[in-house]
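Undergrad: What follows is a structure written as structure tokens; I'll ask about it next.
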Amino acid sequence: MSLRLGDIAPDFEQDSSAGKIRFHEWLGDSWGVLFSHPADFTPVCTTELGFTAKLKDEFAKRGVKAIALSVDPVDSHHKWIEDINETQNTVVNFPILADADRKVSDLYDLIHPNASDTLTVRSLFVIDPNKKVRLTITYPASTGRNFHEILRVIDSLQLTDNYKVATPANWQEGDEVVIVPSLKDEEELKQRFPKGYRAVKPYLRLTPQPNR
């Protein structure tokens with residue numbers, strides 16, 4: 039069964055390039071990004087893992103831990119990491135799960151038989167500190183992920199968790215946000231949004247992004 043938004047991300051224990059991982063324990067109070075790869079030594083994945091390593095500081099300031107997955111074994115991961123570090127001019131600084139027994143792949147529905155019976159699809163999950171799945175994105179094996187979009191969504195999730203707002207199309211950090219329609223009381227609106235708001239329509243009210 040596929041995971042849905044709001045589900046608790048399944049816990050597991052699995053080998054990785056950084057040793058045995060107990061997933062929920064490893065996450066602790068952090069946000070997490072779990073993303074799968076069809077196989078080691080694949081070109082698109084090599085660029086993705088290298089770019090993720092370069093985003094270490096961006097993930098850290100958002101309280102996010104990254105963890106990758108491939109169905110290949112640990113010794114293959116270590117050899118692949120050497121290639122990633124060399125070709126992407128970085129140092130891989132997060133674990134790669136070695137899911138040779140498909141345990142995690144089955145828990146997270148990462149093998150789609152109509153795409154491949156053996157290779158995992160290019161899926162990504164954003165998981166919050168309560169271990170709830172907050173975002174799922176699945177790409178075909180031929181298409182690399184947009185990690186700027188992943189950061190954008192995390193920014194939106196962390197903002198909207200703390201304020202009664204949503205983020206509009208193509209929102210970027212610092213742009214106007216949408217006041218949720220359920221918030222009606224004018225006194226509460228003044229208190230929550232001291233910079234005011236503009237009502238394009240009664241249901242579409244825009245306000246400067248609250249300070250985080």
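Residue 39 is where the sequence shown starts when you use our numbering, and the numbers rise one by one after that.
Even glycine gets a Cβ: it sits at the ideal position worked out from N, Cα and C.
Enumerate in chain order the residues of its own chain whose CB-to-CB distance from Gly182 is below 7 Å, with the five nearest sequence positions on each side excluded.
TA: Within the sequence shown, numbered from 1, the residue matching residue 182 stands at position 144. These residues qualify, in order along the chain: Val82, Thr85, Glu86.
Undergrad: First and last residue of the alpha helix (DSSP H) that includes Ala138?
TA: Within the sequence shown, residue 138 is the residue found at index 100, counting from 1. Segment: none, Ala138 is in no alpha helix (DSSP H) and carries neither H nor E.
Undergrad: Does the separation of the CB atoms of Leu244 and Glu214 fall below 8 Å?
TA: Residue 244 sits at position 206 when you count from the first residue of the sequence shown. Residue 214 sits at position 176 when you count from the first residue of the sequence shown. Against a cut-off of 8 Å, the Cβ pair of Glu214 and Leu244 comes out as a contact.
Undergrad: Which residue wins for smallest C-alpha separation from Ser143, given the options Asp49, Pro240, Leu242?
TA: The residue given as residue 143 occupies position 105 in the sequence shown. Closest option to Ser143, Cα to Cα, is Asp49.
Undergrad: Express the C-alpha separation of Ser114 and Asp121 in angstroms, rounding to a whole number.
TA: What you label residue 121 is simply residue 83 of the sequence shown in a count that begins at 1. What you label residue 114 is simply residue 76 of the sequence shown in a count that begins at 1. Their backbone Cα atoms lie some 11 Å apart in a straight line.
Undergrad: Here's the rule: buried if 16 or more other CB atoms are within 10 angstroms of the residue's CB, otherwise exposed. What is Asn152?
TA: Taking the first residue of the sequence shown as position 1, residue 152 is located at position 114. The predicted position of Asn152 is uncertain, since its pLDDT is 48 and thus under 50; no value can be drawn from it.
Undergrad: Are the segment 64 to 84 and the segment 116 to 134 touching by the rule of at least three beta carbon pairs closer than 8 Å?
TA: yes
Undergrad: Suppose contacts are defined by Cβ-Cβ distances below 8 Å. Is Ala138 in contact with Asp166 by that definition?
TA: What you label residue 138 is simply residue 100 of the sequence shown in a count that begins at 1. What you label residue 166 is simply residue 128 of the sequence shown in a count that begins at 1. Not in contact: Ala138 and Asp166 (Cβ atoms no closer than 8 Å).
Undergrad: How would you call Gln210, buried or exposed, if buried means at least 16 neighbouring beta carbons within 10 angstroms?
TA: Within the sequence shown, residue 210 is the residue found at index 172, counting from 1. Of the other Cβ atoms in all chains shown, fewer than 16 fall within 10 Å of the Cβ of Gln210; this residue is therefore exposed.
Undergrad: Please report how far the alpha carbon of Arg230 lies from the alpha carbon of Thr80, in whole angstroms.
TA: Locating residue 230 in the sequence shown gives position 192, where the first residue counts as 1. Locating residue 80 in the sequence shown gives position 42, where the first residue counts as 1. Straight through space, the alpha carbons of Thr80 and Arg230 are spaced by roughly 49 Å.
Undergrad: Would you identify the three-state DSSP class for Thr85, choosing helix, strand or coil?
TA: Within the sequence shown, residue 85 is the residue found at index 47, counting from 1. Looking at Thr85 - three-state DSSP - the assignment turns out to be helix.
Undergrad: Would Val171 pass as a contact of Ala47 if the rule is Cβ separation under 8 Å?
TA: Residue mapping note: residue 171 aligns to position 133 of the sequence shown, counting from 1. Residue mapping note: residue 47 aligns to position 9 of the sequence shown, counting from 1. It is a contact, given that the beta carbons lie within the stated cut-off.
Undergrad: Go ahead and pull the three-state DSSP assignment for Leu195.
TA: On the sequence shown, position 157 is the one that residue 195 refers to. Helix, per DSSP.
Undergrad: Taking Cβ positions, are Leu135 and Ile188 nearer each other than 8 Å?
TA: By 1-based counting over the sequence shown, the position of residue 135 is 97. By 1-based counting over the sequence shown, the position of residue 188 is 150. Against a cut-off of 8 Å, the Cβ pair of Ile188 and Leu135 comes out as no contact.
Undergrad: Look at Leu72 and Ile105 and say whether their C-beta atoms are less than 8 Å apart.
TA: Along the sequence shown, read from residue 1 onward, the residue named residue 72 stands at position 34. Along the sequence shown, read from residue 1 onward, the residue named residue 105 stands at position 67. Cβ atoms of Leu72 and Ile105: closer than 8 Å.
Undergrad: Find the nearest neighbour of Gly101 within the set Gly70, Val130, Thr174, Asp78, judged by alpha-carbon distance.
TA: The residue you call residue 101 lines up with position 63 of the sequence shown. The shortest Cα separation from Gly101 among Gly70, Val130, Thr174, Asp78 belongs to Gly70.
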